[in-house]
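Undergrad: Be aware that the sequence shown starts at 8, since it is given in the working numbering, and climbs by one per residue.
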Amino acid sequence: MIEEQKLHTQSSGITVGVQRTILENRLTVLTKEVHDRPIVSCFIWYRVGSRNEELGQTGKSHFLEHILFKGTDRYHKGEIDLITLKNGGANNAFTSNDFTAYYFNFASDRWRAALEIEASRMRNNIFIEEEFNSEKQVVIEELLRDMDEPWEALSQEVWATSFKQHPYHNPTIGWLDDLVRASAEDLKRYYDQWYHPRNAILVIVGDIESDRTLSYVRELFGPIPGGPEPPEMMIKEEPQRGERRVIVRKETLLERMMIGYHAPEVAHADSYPLQVVSTLLSTGKTSRFYRRLQEREQSVTFAVSSYDEAIDPTLFLIRAEVKPGRKLEDVERAITEEIDALKEEQVSAEELDKAKRLIEARFILGSEEVFNQAMMLGLFETIYRFEYLQTYLDYIKAVSPEDIQRVVRRYLNQDNRTVGYLIGVSGNS
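Laid out in structure tokens, this is it:
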């Protein structure tokens, strides 16, 4: 063991009692004891996602997520799921721009099976040509389904149009031509490059004894070589200097709109006021979008904004689904006017305080369950550091009306955005 650290804070209960341990092979381990229920959630996060994929090699992170359920030198095909079911547990995995994560939920008297499985597939996954080709077809079919789904198709075009240099341009599932060309040898090289202790975060939260848990972690993961230092992602997106527009045509009854504004990464101080801006615009029936677009004008089935944390500068997104007979242009104009109102006049103390309370309630409720705690701790340790959660609410509460006005003026402007329309093939727009 090289480093061990415990945090105790009054700011956020989710970080109370978290212990970070870094093994000699540089595997980061977060443990937290929660004894109110006999449940354990175990996650392993790899700092590799679509942002790490090279041009012409997209989709490998997501493809590899599929392959890691196909077997190792210890577990045959289907055995990982069988062990999970026999022990009354659940498992799954997911891939994003910034990471790939795998998780298990087990009762506290049998959760160690999760560690044994993860230790085996960290370095001992088997790449069988027949299994690879079979799973390739599964992934390609998933991609084709995504292309047929209206929101997925529109989102893909907005991200690809917003980012010209940075790999956030690419969909997590990859581009079809890249998947068709992919080989088992390519995927094995990618696995060898990224799947090792130095690039992983193991998170164990629940009804455990930390000392015994860490002893077992060292036994299983300690002998695994740390692996090479992961290469840094050096590509940065140039500032956008003018509005971009894209149109997608699909057979659909309801036309849709997505607007993406370039916005900062999770480590940036402006990420806090932008999260408050998102809440002001679209959270709850007193939000500005709801009152304007759903109550007064009745032009949309919904209009929402979102701003998800990311390693690199990302997008502040607005999505709206337009009712039949209403025009996308009118909805866009109303959305822009609501954003401009935040630029022109400072938000009232009452409205701002309500938005902060909504964020606080969502944060507290969202971190009650053991699974959600493991998810949040692992996510932020992967994309930044988990201590972000320790002071998150303090920074949200410190956001001022001046902060709101400043970040809206800086980021939510026309030259910094991409506007996407999804138009029905036989629509009226």
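A virtual CB, placed ideally from N, CA and C, is assigned to each residue, including glycine.
What number of angstroms, rounded off, separates the C-alpha of R303 from the C-alpha of I147?
TA: So the alpha carbons of these two residues sit roughly 43 angstroms apart.
Undergrad: DSSP on M129, reduced to helix/strand/coil?
TA: The answer is helix: DSSP assigns M129 an H, G or I state.
Undergrad: Taking M264 as part of the alpha helix (DSSP H), name the residues at either end of that continuous run.
TA: Note, M264: premise wrong, no alpha helix (DSSP H); beta strand (DSSP E) at R263 to A270.
Undergrad: Are E72 and A100 close, meaning C-beta to C-beta below 8 angstroms?
TA: A contact, by the Cβ cut-off of 8 angstroms.
Undergrad: When you compare the region 154 to 163 with the region 23 to 41, are there three or more beta-carbon pairs, one atom per stretch, that lie closer than 8 angstroms?
TA: The region 154 to 163 is not in contact with the region 23 to 41.
Undergrad: Determine the direct distance from the alpha carbon of V283 to that of L322, and round the result to whole angstroms.
TA: L322 and V283: Cα-Cα distance of roughly 15 angstroms.
Undergrad: Would you call the region 200 to 217 and the region 118 to 138 in contact, with 3 or more CB pairs under 8 angstroms?
TA: In short, these stretches touch, since the Cβ pair count reaches three.
Undergrad: Considering only the alpha carbon of each residue, which of V406, K67, P280 and D422 lies closest to R248?
TA: If we check each option's Cα against that of R248, D422 comes out closest.
Undergrad: Buried or exposed, going by whether 16 or more other CB atoms sit within 10 Å of the CB of H275?
TA: Label assigned to H275: exposed.
Undergrad: Are Q26 and S217 closer than 8 angstroms when you measure CB to CB?
TA: Yes, these two residues count as a Cβ contact at 8 angstroms.
Undergrad: How about the region 157 to 176 and the region 250 to 265: do they share at least three Cβ pairs that are nearer than 8 angstroms?
TA: These segments touch.
Undergrad: Between G24 and Y175, what straight-line distance do the alpha-carbon atoms span, to the nearest angstrom?
TA: So the alpha carbons of these two residues sit roughly 35 angstroms apart.
Undergrad: Determine, using beta carbons only, whether P204 and N32 come nearer to each other than 8 angstroms.
TA: For P204 and N32, yes; Cβs fall inside 8 angstroms.
Undergrad: If distances are taken between C-alpha atoms only, which option among L429, Y279, E367 and D319 comes closest to Q412?
TA: That would be Y279, whose Cα lies nearest to the Cα of Q412.
Undergrad: Let me check understanding here. Comparing Cα to Cα, which of N98, S355, D337 and R119 lies closest to R219?
TA: Among N98, S355, D337 and R119, the Cα nearest to that of R219 belongs to R119.
Undergrad: Taking V426 as the reference, which of V253, T35 and G373 has the closest Cα?
TA: Selected option, being the one with the closest Cα: V253.
Undergrad: How long is the line joining the alpha carbons of C49 and I403, rounded to whole angstroms?
TA: Taking the straight line joining both Cα atoms gives about 29 angstroms.
Undergrad: Using the beta-carbon count (16 or more within 10 Å), is S103 buried or exposed?
TA: Under this definition S103 is a buried residue.
Undergrad: Excluding sequence positions up to five away, which residues of its chain have a Cβ less than 6 angstroms from the Cβ of G434?
TA: Because the pLDDT at G434 is just 43, under 50, the model does not fix this residue reliably, and the value given afterwards should be weighed accordingly. E262.
Undergrad: Assign R298 to one of three DSSP states: helix, strand, or coil.
TA: Here R298 sits in helix by DSSP.
Undergrad: Helix, strand or coil: how does DSSP classify V146 here?
TA: Reduced to three states, the DSSP call for V146 is helix.
Undergrad: Bridge partners of L349, per DSSP?
TA: Answer is none; L349 lacks a bridge partner.
Undergrad: Whole angstroms are fine: how far does the CA of E336 sit from the CA of E236?
TA: Approximately 49 angstroms, taken between the alpha carbons.
Undergrad: CA-CA distance, M414 and A97?
TA: Rather than Met, the amino acid found at residue 414 in this sequence is Val. Roughly 42 angstroms separates the two Cα atoms.
Undergrad: Here's the rule I'm using: 16 or more other beta-carbon atoms within 10 Å means buried, otherwise exposed. How should L405 be labelled?
TA: Sequence inspection shows Ala at residue 405; the Leu mentioned does not correspond to that position. Per the 10 Å Cβ criterion, exposed.
Undergrad: Can you name, in chain order, every residue of its own chain whose Cβ lies under 6 angstroms from the Cβ of T35, other than the five neighbours on each side?
TA: Counting only Cβ-Cβ distances below 6 angstroms, and skipping sequence neighbours, we find I29 and I208.
Undergrad: Give every residue of the same chain whose Cβ lies closer than 8 angstroms to the Cβ of I231, excluding the five residues on either side of it in the sequence, and list them in chain order.
TA: The residues are N32, L34, A126, M129, R130, H203 and P204.
Undergrad: Between which two residues does the beta strand (DSSP E) containing T259 stretch?
TA: Run containing T259: none; DSSP gives neither H nor E here.
Undergrad: Between the Cα of G78 and those of E226, F134, I371 and S285, spot the shortest distance and give me the residue it belongs to.
TA: The shortest C-alpha separation from G78 is found at F134.
Undergrad: What's the call for A356, buried or exposed, on a 16-neighbour Cβ count within 10 Å?
TA: With fewer than 16 other Cβ atoms within 10 Å, it is exposed.
Undergrad: DSSP state of Y109, grouped into three classes?
TA: Strand, per DSSP.
Undergrad: Taking the straight line between their C-alpha atoms, what separation do you get for W52 and G332?
TA: About 46 angstroms.
Undergrad: Restricting to Cα atoms, I'd like to know which of G291, D347 and V338 is closest to R364.
TA: For the residues G291, D347 and V338, the minimum Cα distance to R364 belongs to G291.
Undergrad: DSSP has E123 in a bridge; who is on the other side?
TA: In DSSP, E123 forms no bridge with anything.
Undergrad: Cα-Cα, which of D410, R295, V354 and H83 is closest to E138?
TA: Ranking D410, R295, V354 and H83 by Cα distance to E138 puts H83 first.
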